[in-house]
């Protein structure tokens, strides 16, 4: 088991293998680096060095009662990448991890550390509804997530994975019990305090300045049937703030499309990286 201890004493778990240009994967809430299995196997076989960490309080990283904020998440990633000596890396983030990747690239991506970035069903620029973001996810929906996790997170997570996350609630969906079970397994491995704190992080953090600051090319990928991070209030706005952003959308694809449609997503990412 590979871990590093960051400055506040939290242990951050990471896994990495392969050689070549590094790709760093940032997972969504409330999961772990295991959510990238399909991508890590694919890209390592294509000649890349693949790296995935578990966010603090998630997966195999230390339970974290403090530091559950986007700046600290990005600093933890910076500690991992510095420990591994990564240069010319591609950072790929899904959902909350998309926000984490954007914050990391904006704050730490200069000096040859980052070549490109990819977001998948990501939360930037702002997910939650506010006076300045009137089309965001309403506060009552966010409160429902928080209440569900606190009351019975095992049941909430199972319902979430079996429903909107993968679009398994849509008529005719090809439901995979294994995918649902794997989602719940990852989620239940994490610390409830850190996961509850992260709800505020992924709904309230504003990435507008980060998006404007990024100099590298960014591929913004989003499913048009994303029920968790609606495309209209996230990626369609985010790409307009990027200097070198490209938006690619997928009709009918759900929030968890990197799992349900891994063959399509992997191929498009590979084309972007090699382009």
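In the numbering used here, the protein residues as written are 660 to 934. Glycine is no exception: its CB is placed at the ideal position from the N, C-alpha and C atoms. Being a predicted model, the structure only gives us computed values, none of them experimental.
Nearest CA to the CA of residue 720: which residue from 673, 885 and 726? Walking along the chain shown from the start, residue 720 turns up at place 61. Residue 673 is the option with its Cα nearest to residue 720.
Which of the three DSSP states is assigned to residue 906 in this structure? Taking the chain shown and counting its residues from 1, the one referred to as residue 906 is at position 247. If DSSP states are grouped into helix, strand and coil, residue 906 belongs with the strands.
Which full runs of the beta strand (DSSP E) of 3+ residues lie inside the stretch 719-756, going along the chain? Taken in chain order, the complete beta strand (DSSP E) segments of 3 or more residues contained in the stretch 719-756 are 748-753.
Which ranges does the alpha helix (DSSP H) cover as unbroken runs of at least 4 residues, wholly within the stretch 852-933, from first to last along the chain? 867-872, 894-900, 916-919 and 921-933, all fully within the stretch 852-933.
Residues bridged to residue 675 by DSSP? Along the chain shown, one-based indexing puts residue 675 at 16. Per DSSP, 710.
Quick one: is residue 698 buried, meaning 16 or more other Cβ sit within 10 Å of its Cβ, or exposed? One-based indexing of the chain shown puts residue 698 at position 39. Its Cβ being crowded by 16 or more others within 10 Å, residue 698 is buried.
Does the pairing of the stretch 834-846 with the stretch 722-731 give three or more beta-carbon distances under 8 Å? Too few Cβ pairs lie closer than 8 Å, so no.
Residue 689: which of 680, 715, 903 and 710 sits nearest, CA to CA? Taking the first residue of the chain shown as 1, we reach residue 689 at position 30. Of the candidates 680, 715, 903 and 710, the one whose C-alpha sits nearest the C-alpha of residue 689 is 715.
Can you tell me whether residue 681 is buried or exposed? The criterion is at least 16 other CB atoms within 10 Å of its CB, across all chains shown. For this step, residue 681 is matched to residue 22 along the chain shown. Residue 681 comes out buried.
Is the distance from the Cβ of residue 701 to the Cβ of residue 677 below 8 Å? Numbered from its first residue, the chain shown carries residue 701 at position 42. Numbered from its first residue, the chain shown carries residue 677 at position 18. Contact: no.
Collapsed DSSP secondary structure at residue 670 in the structure displayed: Position 11 of the chain shown, counted from the start, is the residue given in the question as residue 670. In the structure shown, residue 670 sits in a strand (DSSP, three-state: E or B).
Apart from the five residues just before and just after residue 870, which ones in its own chain have a Cβ nearer than 7 Å to its Cβ? Looking up residue 870 in the chain shown gives position 211. Cβ neighbours of residue 870 beyond the five flanking positions: 761, 783, 784, 897, 900 and 901.
Applying the criterion that 16 or more other CB atoms from any shown protein chain within 10 Å of the CB defines a buried residue, is residue 834 buried or exposed? Taking the chain shown and counting its residues from 1, the one referred to as residue 834 is at position 175. By the Cβ-count criterion, residue 834 is exposed, with fewer than 16 other Cβ atoms from all chains shown falling within 10 Å of its own Cβ.
Reduced DSSP category for residue 788 - H, G, I as helix; E, B as strand; rest coil: By one-based count along the chain shown, residue 788 stands at place 129. Coil.
Cβ contact (3+ pairs, closer than 8 Å) linking the stretch 910-919 and the stretch 824-831: The stretch 910-919 vs the stretch 824-831: in contact.
May I ask you to report which of helix, strand or coil DSSP gives residue 823? In the chain shown, counting from the first residue as 1, residue 823 sits at position 164. Secondary structure at residue 823: helix, using DSSP grouped into helix, strand and coil.
Start and end residues, beta strand (DSSP E) containing residue 774: Walking along the chain shown from the start, residue 774 turns up at place 115. Per DSSP, residue 774 is one residue of the beta strand (DSSP E) stretching across 773-779.
Quick one: what's got a C-beta closer than 7 Å to residue 888's C-beta in the same chain, skipping five residues either side? By 1-based counting over the chain shown, the position of residue 888 is 229. Residues of the same chain with a CB within less than 7 Å of the CB of residue 888, apart from the 5 flanking positions on each side, are 754, 780, 781, 782, 786 and 914 in chain order.
According to DSSP, simplified to helix, strand and coil, what is residue 683? Locating residue 683 in the chain shown gives position 24, where the first residue counts as 1. Here residue 683 sits in strand by DSSP.
With residue 692 and residue 861 assumed to form a contact (beta carbons below 8 Å), what rounded beta-carbon distance in angstroms separates them? Taking the chain shown and counting its residues from 1, one reaches residue 692 at position 33. Taking the chain shown and counting its residues from 1, one reaches residue 861 at position 202. With 8 Å as the limit, residue 692 and residue 861 do not qualify as a contact, their Cβ atoms being about 17 Å apart.
Just curious, the alpha helix (DSSP H) that residue 703 is in, first and last residue? Along the chain shown, read from residue 1 onward, the residue named residue 703 stands at position 44. First-last of the alpha helix (DSSP H) with residue 703: 696-704.
Can a CB atom of chain B be found closer than 8 Å to the CB of residue 752? Absent from the structure is chain B; it holds one protein chain and no more.
What does the alpha-carbon distance come out to for the pair residue 739 and residue 733? Here residue 739 refers to the residue found at position 80 when the chain shown is read from its first residue. Here residue 733 refers to the residue found at position 74 when the chain shown is read from its first residue. The straight-line gap from Cα to Cα measures roughly 10 Å.
Can you grab the Cα-Cα spacing for the pair residue 877 / residue 776, in whole Å? The count along the chain shown starts at 1 and reaches residue 877 at position 218. The count along the chain shown starts at 1 and reaches residue 776 at position 117. The alpha-carbon atoms of residue 877 and residue 776 are separated by roughly 5 Å.
What three-state label does DSSP hand residue 809 in the structure shown? Your numbering for residue 809 matches position 150 in the chain shown. Here residue 809 sits in helix by DSSP.
Can you tell which of 789, 807 and 664 has its C-alpha closest to the C-alpha of residue 723? Position 64 of the chain shown, counting from 1, holds the residue named residue 723. That would be 664, whose Cα lies nearest to the Cα of residue 723.
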